[in-house]
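To start, the structure itself, in C-alpha coordinates.
Residue numbers (our numbering): 69 to 185.
Rendered as C-alpha coordinates:
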(Lines of atoms letter the chains of each structure in order from A; the text may use other names.)
(Lines give C-alpha, C1' and ligand atoms only; values in the text may rest on other atoms or scores of the structure.)
Protein backbone atom coordinates (compact mmCIF):
# COMPACT_ATOMS: atom_id res chain seq x y z
CA UNK A 69 0.00 0.00 0.00
CA UNK A 70 1.18 3.52 -0.84
CA UNK A 71 1.94 5.74 2.09
CA UNK A 72 -0.07 8.96 2.31
CA UNK A 73 3.08 11.12 2.27
CA UNK A 74 4.28 9.47 -0.97
CA UNK A 75 0.83 9.84 -2.56
CA UNK A 76 0.76 13.54 -1.65
CA UNK A 77 4.28 14.01 -3.05
CA UNK A 78 3.35 12.22 -6.29
CA UNK A 79 0.18 14.27 -6.61
CA UNK A 80 2.16 17.47 -6.01
CA UNK A 81 4.62 16.52 -8.75
CA UNK A 82 1.78 15.63 -11.16
CA UNK A 83 -0.01 18.91 -10.42
CA UNK A 84 3.24 20.86 -10.86
CA UNK A 85 3.89 19.18 -14.23
CA UNK A 86 0.32 19.82 -15.41
CA UNK A 87 0.51 23.46 -14.30
CA UNK A 88 3.87 23.87 -16.07
CA UNK A 89 2.53 22.32 -19.29
CA UNK A 90 -0.58 24.51 -19.17
CA UNK A 91 1.58 27.59 -18.54
CA UNK A 92 3.79 26.75 -21.53
CA UNK A 93 0.74 26.14 -23.76
CA UNK A 94 -0.85 29.41 -22.64
CA UNK A 95 2.42 31.29 -23.22
CA UNK A 96 2.74 29.83 -26.73
CA UNK A 97 -0.89 30.65 -27.55
CA UNK A 98 -0.47 34.21 -26.25
CA UNK A 99 2.74 34.64 -28.26
CA UNK A 100 1.10 33.32 -31.43
CA UNK A 101 -1.92 35.56 -30.89
CA UNK A 102 0.38 38.56 -30.37
CA UNK A 103 2.15 37.80 -33.66
CA UNK A 104 -1.19 37.35 -35.46
CA UNK A 105 -2.51 40.62 -34.05
CA UNK A 106 0.71 42.43 -35.02
CA UNK A 107 0.50 41.06 -38.56
CA UNK A 108 -3.18 41.99 -38.88
CA UNK A 109 -2.49 45.51 -37.57
CA UNK A 110 0.42 45.90 -40.00
CA UNK A 111 -1.67 44.69 -42.95
CA UNK A 112 -4.54 46.99 -42.02
CA UNK A 113 -2.13 49.91 -41.69
CA UNK A 114 -0.56 49.22 -45.09
CA UNK A 115 -3.96 48.79 -46.76
CA UNK A 116 -5.20 51.99 -45.13
CA UNK A 117 -2.14 53.96 -46.27
CA UNK A 118 -2.44 52.60 -49.82
CA UNK A 119 -6.17 53.33 -49.91
CA UNK A 120 -5.73 56.86 -48.57
CA UNK A 121 -2.91 57.50 -51.04
CA UNK A 122 -5.06 56.25 -53.92
CA UNK A 123 -7.98 58.42 -52.82
CA UNK A 124 -5.72 61.46 -52.49
CA UNK A 125 -4.26 60.83 -55.96
CA UNK A 126 -7.72 60.41 -57.48
CA UNK A 127 -8.91 63.58 -55.76
CA UNK A 128 -5.85 65.43 -57.07
CA UNK A 129 -6.53 64.23 -60.61
CA UNK A 130 -10.19 65.23 -60.31
CA UNK A 131 -9.16 68.67 -59.04
CA UNK A 132 -6.74 69.13 -61.95
CA UNK A 133 -9.40 68.06 -64.43
CA UNK A 134 -11.85 70.54 -62.90
CA UNK A 135 -9.30 73.36 -63.12
CA UNK A 136 -8.48 72.46 -66.72
CA UNK A 137 -12.17 72.40 -67.57
CA UNK A 138 -12.67 75.81 -65.98
CA UNK A 139 -9.70 77.45 -67.72
CA UNK A 140 -9.94 75.71 -71.08
CA UNK A 141 -13.62 75.41 -71.91
CA UNK A 142 -13.27 73.85 -75.32
CA UNK A 143 -16.22 73.97 -77.58
CA UNK A 144 -17.31 70.69 -79.11
CA UNK A 145 -16.08 71.62 -82.57
CA UNK A 146 -12.63 72.64 -81.28
CA UNK A 147 -12.22 69.33 -79.47
CA UNK A 148 -13.42 67.42 -82.54
CA UNK A 149 -10.98 69.25 -84.83
CA UNK A 150 -8.13 68.58 -82.42
CA UNK A 151 -8.99 64.87 -82.17
CA UNK A 152 -9.29 64.56 -85.94
CA UNK A 153 -5.98 66.31 -86.63
CA UNK A 154 -4.13 64.13 -84.14
CA UNK A 155 -5.73 60.93 -85.44
CA UNK A 156 -4.91 61.92 -89.02
CA UNK A 157 -1.31 62.54 -88.01
CA UNK A 158 -1.08 59.20 -86.24
CA UNK A 159 -2.57 57.32 -89.19
CA UNK A 160 -0.28 59.15 -91.61
CA UNK A 161 2.75 58.16 -89.56
CA UNK A 162 1.68 54.53 -89.27
CA UNK A 163 0.40 53.91 -92.80
CA UNK A 164 2.66 56.10 -94.97
CA UNK A 165 6.16 56.41 -93.56
CA UNK A 166 7.14 58.39 -96.67
CA UNK A 167 4.92 61.28 -95.65
CA UNK A 168 6.78 62.04 -92.43
CA UNK A 169 7.22 65.68 -93.43
CA UNK A 170 3.46 66.09 -93.85
CA UNK A 171 2.89 64.40 -90.50
CA UNK A 172 5.39 66.67 -88.77
CA UNK A 173 3.68 69.73 -90.23
CA UNK A 174 0.27 68.38 -89.21
CA UNK A 175 1.52 67.72 -85.68
CA UNK A 176 2.90 71.25 -85.46
CA UNK A 177 -0.42 72.65 -86.64
CA UNK A 178 -2.29 70.50 -84.13
CA UNK A 179 -0.01 71.55 -81.29
CA UNK A 180 -0.31 75.25 -82.20
CA UNK A 181 -4.07 74.85 -82.38
CA UNK A 182 -4.09 73.13 -78.99
CA UNK A 183 -1.88 75.85 -77.51
CA UNK A 184 -4.25 78.52 -78.76
CA UNK A 185 -7.23 77.05 -76.94
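Ideal Cβ placement from N, Cα and C applies to all residues, glycine included.
**Message:** Mapping the DSSP letters down to three states, classify residue 73 as helix, strand or coil.
**Reply:** Indexing the chain shown from 1 puts residue 73 at position 5. In the structure shown, the three-state DSSP call for residue 73 is helix.
**Message:** Measuring only the C-alpha atoms, how far is residue 107 from residue 100?
**Reply:** For this step, residue 107 is matched to residue 39 along the chain shown. For this step, residue 100 is matched to residue 32 along the chain shown. When rounded, the distance between both Cα atoms is 11 angstroms.
**Request:** In angstroms with no decimal places, state the Cα-to-Cα distance between residue 128 and residue 104.
**Result:** Start at 1 with the first residue of the chain shown, and residue 128 comes out as number 60. Start at 1 with the first residue of the chain shown, and residue 104 comes out as number 36. Straight-line measurement puts the Cα of residue 104 at about 36 angstroms from the Cα of residue 128.
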